[in-house]
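Numbering-wise, the working numbering puts 259 at position 259 of the sequence shown, and it's gapless, one number per residue. The structure appears right after this line, and notes come after that.
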Amino acid sequence: MERFDHFMARANAAYYAARDPFADFVTAPEISQVFGEILGGWARIAWEMMGSPGDIMLVEAGPGRGVLMADALRVFTPASVHFIETSPRLRESQGKHVPGAVWHDTLADVPKRPMILIANEFLDALPVRQFIRRAEGWMERHVDAGEYVELPVEIDLPDDPESSVREVNEPALAFVTEIASRRAIALLVDYGPENSAAGESVQAIRDGKYANPLNQPGTADITAHVDFTALATAARAAGADARGPVKQNVFLTALGLFQRSDFLAQKNPANAENLRLAARRLTAPDAMGGLFKVLAVCPPGFPPLPGFET
Ligand code: SAH
Numbered sequence: 001m002e003r004f005d006h007f008m009a010r011a012n013a014a015y016y017a018a019r020d021p022f023a024d025f026v027t028a029p030e031i032s033q034v035f036g037e038i039l040g041g042w043a044r045i046a047w048e049m050m051g052s053p054g055d056i057m058l059v060e061a062g063p064g065r066g067v068l069m070a071d072a073l074r075v076f077t078p079a080s081v082h083f084i085e086t087s088p089r090l091r092e093s094q095g096k097h098v099p100g101a102v103w104h105d106t107l108a109d110v111p112k113r114p115m116i117l118i119a120n121e122f123l124d125a126l127p128v129r130q131f132i133r134r135a136e137g138w139m140e141r142h143v144d145a146g147e148y149v150e151l152p153v154e155i156d157l158p159d160d161p162e163s164s165v166r167e168v169n170e171p172a173l174a175f176v177t178e179i180a181s182r183r184a185i186a187l188l189v190d191y192g193p194e195n196s197a198a199g200e201s202v203q204a205i206r207d208g209k210y211a212n213p214l215n216q217p218g219t220a221d222i223t224a225h226v227d228f229t230a231l232a233t234a235a236r237a238a239g240a241d242a243r244g245p246v247k248q249n250v251f252l253t254a255l256g257l258f259q260r261s262d263f264l265a266q267k268n269p270a271n272a273e274n275l276r277l278a279a280r281r282l283t284a285p286d287a288m289g290g291l292f293k294v295l296a297v298c299p300p301g302f303p304p305l306p307g308f309e310t
């Protein structure tokens, strides 16, 4: 028997080490090159706002195939490029798209220099603890032989009605705390609600279809919604500022998604329809525009960052 978050960590490590996640799901950088270009442009502006430090590192956590970084580097040239990635298989693909990158297993291993960090759909893959409210109090979910088992736990959670589920992503909170204590700048893109709420969001996808997360661990991608309010609170508690979250469609539109897509379409009319559909998919409220959010973390008192001016 093991705690659910321990189960999820093991299952996802096996999944990302052995499988091609992009056979199971499609992410924003795989939909349009403009996504990575916009994040690169944002990083470049943030770097200028920092006073253009010459030793700036551009760090990406969970870079997938490396496509986002390759697109971003057309817009911004940092002193060095760093990837936080545990899967040897994905590291190989990242190296093909981005020659000269340096890899690390965790954020703690990244050198302590001026840093801009970007991450898309990284935090949702980190393991969550799951709590369920019963008459006697909060219980924590464990996994035993493919079934959930609930054990009593001492935990400080809101006084939700019976049967409510709460999820806590401890590695994501630690990640944001580390960004804050380094006085770094980060742009975190992921899916989840604007405000913390009770509810179960853990899901598993195997071969492109929803699956039971407890079955055949390592063959499905297990994710949970990201609690942006909890991340912003953790960043502030560690002495940083948090900006947002804003909806992905608001962020990408403010940073010129449609203008850049039109420009590329004029240069290459054969691709115009693809670019138009991609921009729509990234911004439509019923596609990725509404569920996906963007949160920035920056040193306290940093001037307004692009996309977060209001
Ligand atoms: N950002 C990419 C890929 C998202 S998939 C995109 O948008 O397409 C999640 C990524 O996070 C993969 O690269 C996976 O290997 C990585 N990952 C998952 N758990 C991790 C962990 N604990 N430490 C480091 N990387 C992790």
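Built from N, CA and C at the ideal position, the CB exists for glycine as well.
Residue span of the beta strand (DSSP E) that contains residue i, given as start and end
{"i": "G137", "result": "G137 to D144"}
{"i": "P245", "result": "D241 to K247"}
{"i": "F292", "result": "F292 to C298"}
{"i": "K209", "result": "K209 to A211"}
{"i": "T223", "result": "D221 to T223"}
{"i": "F83", "result": "S80 to I84"}
{"i": "R19", "result": "That residue, R19, is in no beta strand (DSSP E); it is neither H nor E in DSSP."}
{"i": "P152", "result": "E147 to P152"}
{"i": "I155", "result": "Counting along the chain, I155 falls outside any beta strand (DSSP E), and DSSP gives it neither H nor E."}
{"i": "D71", "result": "Not the beta strand (DSSP E): D71 falls in the alpha helix (DSSP H), residues V67 to A72."}
{"i": "F131", "result": "R129 to R134"}
{"i": "L188", "result": "I185 to Y191"}
{"i": "V102", "result": "V102 to H104"}
{"i": "A61", "result": "M57 to A61"}
{"i": "E167", "result": "V165 to V168"}
{"i": "L123", "result": "Run containing L123: none; DSSP gives neither H nor E here."}
Host alpha helix (DSSP H) of residue i (start-end)
{"i": "R260", "result": "L257 to K267"}
{"i": "I38", "result": "Q33 to M49"}
{"i": "R236", "result": "F228 to A237"}
{"i": "L275", "result": "A272 to T283"}
For residue j and residue i, believed in contact at Cβ under 8 Å, the rounded distance
{"i": "G244", "j": "L295", "result": "5 Å"}
{"i": "I185", "j": "V297", "result": "7 Å"}
{"i": "E48", "j": "R74", "result": "That pair is no contact at about 17 Å."}
{"i": "G311", "j": "S93", "result": "No statement about residue 311 is possible, as the shown extent of the chain runs from 1 to 310 and does not include it."}
{"i": "R129", "j": "E162", "result": "In fact, because the Cβ distance is near 19 Å, the residues do not count as touching under 8 Å."}
{"i": "A180", "j": "A238", "result": "4 Å"}
{"i": "P299", "j": "D241", "result": "7 Å"}
{"i": "D5", "j": "P127", "result": "4 Å"}
{"i": "M57", "j": "P78", "result": "6 Å"}
{"i": "N120", "j": "L173", "result": "Not a contact, Cβ separation roughly 19 Å."}
Near the ligand SAH: residue i beta-carbon under 8 Å from a heavy atom
{"i": "L126", "result": "yes"}
{"i": "D159", "result": "no"}
{"i": "L214", "result": "no"}
{"i": "G64", "result": "yes"}
{"i": "S32", "result": "no"}
{"i": "V168", "result": "no"}
{"i": "A9", "result": "yes"}
{"i": "F122", "result": "yes"}
{"i": "I84", "result": "yes"}
{"i": "F22", "result": "yes"}
{"i": "D109", "result": "no"}
{"i": "A119", "result": "yes"}
{"i": "V102", "result": "no"}
{"i": "Y16", "result": "yes"}
{"i": "E60", "result": "yes"}
Within-9 Å CB hit, residue i to chain C
{"i": "L214", "result": "The question asks about chain C, but that chain is absent: this structure has only one protein chain."}
Cβ contact (3+ pairs, closer than 8 Å) linking the segment 75-89 and the segment 10-21: yes
The segment 273-287 touching the segment 163-170, judged by at least three CB pairs closer than 8 Å: no
With a threshold of 8 Å, are at least 3 pairs of Cβ atoms found where one atom belongs to the segment 139-156 and the other to the segment 104-118? no
Count Cβ pairs between the segment 29-44 and the segment 112-124 that sit closer than 8 Å; are there 3 or more? yes
Does the segment 26-33 come close enough to the segment 91-109 to have 3 or more Cβ pairs within less than 8 Å? no
Quick check: the segment 205-215 against the segment 253-261, are at least 3 beta-carbon pairs closer than 8 Å? no
Check whether the segment 247-257 and the segment 6-15 are in contact - that is, three or more C-beta pairs closer than 8 Å. no
Using a Cβ distance threshold of 8 Å, determine whether the segment 188-205 contacts the segment 218-228, with at least three qualifying pairs required. yes
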